[in-house]
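*Asks:* Structure incoming, see below.
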Amino acid sequence: MSSESLSELYIPEMPVDEEKLIGALKSYLRIVPEPNRFRFEEPYQQLNEENQILTILLGQLAWRELVNDSNSASLTPMEVSKYSEIGLGRLYPKLRRLEQEGIVENAQGRYYVNTDRLNEAIKRIQGKVPAGMV
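Following this line, the structure appears as structure tokens:
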């Protein structure tokens, strides 16, 4: 029997830099009890729709950290649409573009920001990286 283990292949998820996440989100949203989950601040309305989507997905990441539930990091397009009030017809192409840019990942129809891409997502919503330049 080999002394090697499959754990040698495992790359753990990067920990969330809570300070960066708080700094990025505090101008745009607050987390509230269900069913709404998010309360949006005035500057959120000034974001373009892709950055609103990113803000919601980052908010979901913050929610996951807050409730310590690794299964709650992602949202379906329907959930993103509900929170953002962006219609599904406009939402899907934006989610696909964010996925193609590598900022957002899709696992079985659920979207999330991988912690490896947290800095890029934050720079994007802060306007430091133009769309399509990640």
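Here the sequence shown is numbered in my numbering, starting from 18 and rising by one per residue.
Here a beta-carbon is modelled for each residue, glycine too, at the ideal position from N, C-alpha and C.
Every value quoted in this text rests on a predicted model; they were computed, and no experiment measured them.
#1: Can you list the alpha helix (DSSP H) stretches of 4 or more residues lying completely in the stretch 74-102, in chain order?
#2: For my contact list, V49 and F55 are in at a C-beta cut-off of 8 angstroms; report their separation, rounded to the angstrom.
#3: Going by Cα to Cα distance, which pick from S44, N68 and I73 is closest to R114?
#4: At a cut of 8 angstroms, does the stretch 122-139 reach the stretch 72-86 through at least three beta carbon pairs?
#5: Helix, strand or coil: which one does DSSP assign to Y129?
*Replies:* In brief:
#1: 94-101
#2: 7 angstroms
#3: N68
#4: yes
#5: strand
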